[in-house]
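Here is the structure we will look at.
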Amino acid sequence: AHEMGKRLNQMNPVPHVLKINGAIPSADIAVEDHERLLNRLKLYDLIELQISGDGNCQFCSLSDQIYQTPNEHESVREQVVNQLKSRSELYRNFVPMAYDDYLKKMRRNGEWGDHVTLQAAADFFGIRIFVLTSYKDTCYIEILPAVQMSNKLACLSFWAEVHYNSIYPSGDLFEVERKKKKSWWQP
Numbered sequence: 002a003h004e005m006g007k008r009l010n011q012m013n014p015v016p017h018v019l020k021i022n023g024a025i026p027s028a029d030i031a032v033e034d035h036e037r038l039l040n041r042l043k044l045y046d047l048i049e050l051q052i053s054g055d056g057n058c059q060f061c062s063l064s065d066q067i068y069q070t071p072n073e074h075e076s077v078r079e080q081v082v083n084q085l086k087s088r089s090e091l092y093r094n095f096v097p098m099a100y101d102d103y104l105k106k107m108r109r110n111g112e113w114g115d116h117v118t119l120q121a122a123a124d125f126f127g128i129r130i131f132v133l134t135s136y137k138d139t140c141y142i143e144i145l146p147a148v149q150m151s152n153k154l155a156c157l158s159f160w161a162e163v164h165y166n167s168i169y170p171s172g173d174l175f176e177v178e179r180k181k182k183k184s185w186w187q188p
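Residue numbers are given in our numbering: position 42 of the sequence shown equals residue 43, and the series is strictly consecutive.
Dropping the structure here:
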């Protein structure tokens, strides 16, 4: 987290605006956006841990950052939806549909997370979330929890309104993978 913090200090965040996902871009724009994101990753010497594109990518990426494995995504989704439900006054006004319908939708496996679920995750876990984006006018978004309970920082990439990955400083990904493999073999 210390190394990532040093790299983040080189960038200027934009305020986080809670919103649901926008329209999926055309193939040409998506390719252009992905190139922009890859260039930003390279510029800041960051590497993506590729997450499956099965609709759970935001929750898998958060799970990887919080629990060092994407496999806890169902638990992360459940905790985020419970946060959305228990503190609805914080999030309701940012959802342009019946809030109960939104909660039902977000509870479903494979349903895409959005900026509202990211804020709920930051609030529930009490951590800052850094999202390196492919947006033309926004290099990254910093999501601050209502109450910060940890110095931990979750780092994600987000491109073209369609996919999240977990990101690490380039030297750290090998170490992360090695630790994951090691812990997998330990009883």
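Positions of the beta carbon are idealized from the N, C-alpha and C atoms, including for glycine.
It should be emphasised that the depicted structure is a prediction, and the values quoted were computed from it without experimental measurement.
Comparing C-alpha distances from S53 to each of L63, Y45, L44 and L47 shows the shortest one belongs to L63. Annotation: the segment 42–123 contains the following complete segments of the alpha helix (DSSP H) (minimum length 4 residues), in chain order: 58–68, 74–87, 89–92 and 100–108. Contact between Y92 and A121 holds, since their C-beta atoms are separated by about 6 Å, short of 8 Å.
Short of 7 Å from the beta carbon of D34, and not among the five residues preceding or following it, lie these beta carbons of its own chain, in chain order: P26, S135, W160 and A161. With respect to the 9 Å criterion, F125 and N83 are classified as neighbours on the basis of their beta carbons. Annotation for R37: S135 place their beta carbon closer than 6 Å to its own, counting only its chain and skipping 5 residues before and after.
Measuring C-alpha to C-alpha distances from R78 to each of N152, G172, P97 and G111 identifies G111 as the nearest.
Per DSSP, reduced to three states, the secondary structure at I30 is helical.
The criterion of a C-beta distance shorter than 9 Å is satisfied by F60 and V81. If the five residues before and after M98 are omitted, its C-beta is found closer than 7 Å to no C-beta atom of its own chain.
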